[in-house]
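Asker:
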Amino acid sequence: MRIREGNHTLSGVDTAPMPMKELGFILGKFGWNTRFSDLTEEQVQTLIFGIQESKRLAAEIDIGKLEDTYFKSTGAWPSTSIPF
């Protein structure tokens, strides 16, 4: 078993997957036709864990664009945003 500290193994080598790749991997295991409402609690925990342990999405996509997309999707600003 590897022990991880944040997104790094204790050896200092970053092994965290990119978030979109990790999401695709997990959803592929669940089945692409599986609806979110059909996931078990364990599967939702797996999904959240996998995303939390991946690299930050802001490492791939500009944070401003992510915040704008979040607002457009939810109608609320993310906690990372300073709305002024």
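In the working numbering, the protein residues as written are 1052 to 1135.
We put the CB at the ideal spot given by N, CA and C, even for glycine.
Treat the numbers as computed from the prediction; the structure is a model and nothing was measured.
So the candidates are G1115, K1123, T1125, S1124; which of them puts its Cα closest to the Cα of T1131?
Answerer: For the purposes of this step, residue 1131 is taken as residue 80 along the sequence shown, with counting starting at 1. Among G1115, K1123, T1125, S1124, the Cα nearest to that of T1131 belongs to G1115.
Asker: Residues in the same chain with beta-carbon distance under 7 Å from A1067, minus the five sequence neighbours each way, listed in chain order, please.
Answerer: Mapped onto the sequence shown, residue 1067 falls at position 16. These residues qualify, in order along the chain: N1058, E1104, S1105, K1106.
Asker: Between Y1121 and the rest of its own chain, which residues show a CB-CB distance below 6 Å, the 5 nearest in sequence each way excluded?
Answerer: Here residue 1121 corresponds to residue number 70 of the sequence shown, with the count starting at 1. P1129.
Asker: Among D1119, I1112, E1118, A1127, which residue has its Cα nearest to the Cα of M1069?
Answerer: As a first step, residue 1069 is located in the sequence shown; it is residue number 18 there, counting from the start. Nearest of D1119, I1112, E1118, A1127 to M1069, Cα basis: I1112.
Asker: Taking just the CA atoms, how far does G1075 sit from R1055?
Answerer: As a first step, residue 1055 must be located in the sequence shown, where it is residue number 4. As a first step, residue 1075 must be located in the sequence shown, where it is residue number 24. Since pLDDT at R1055 reaches only 48, below the 50 mark, its modelled position is unreliable, and no value is offered.
Asker: Give the straight-line distance between the Cα atoms of W1083 and K1072, rounded to the nearest whole angstrom.
Answerer: Translated into positions along the sequence shown, residue 1083 becomes position 32. Translated into positions along the sequence shown, residue 1072 becomes position 21. For W1083 and K1072, the distance between alpha carbons rounds to 14 Å.
Asker: Specify, as a first and last residue, the run of the alpha helix (DSSP H) that G1075 falls within.
Answerer: Against the sequence shown, residue 1075 aligns to sequence position 24. G1075 -> alpha helix (DSSP H) spans 1070 to 1081.
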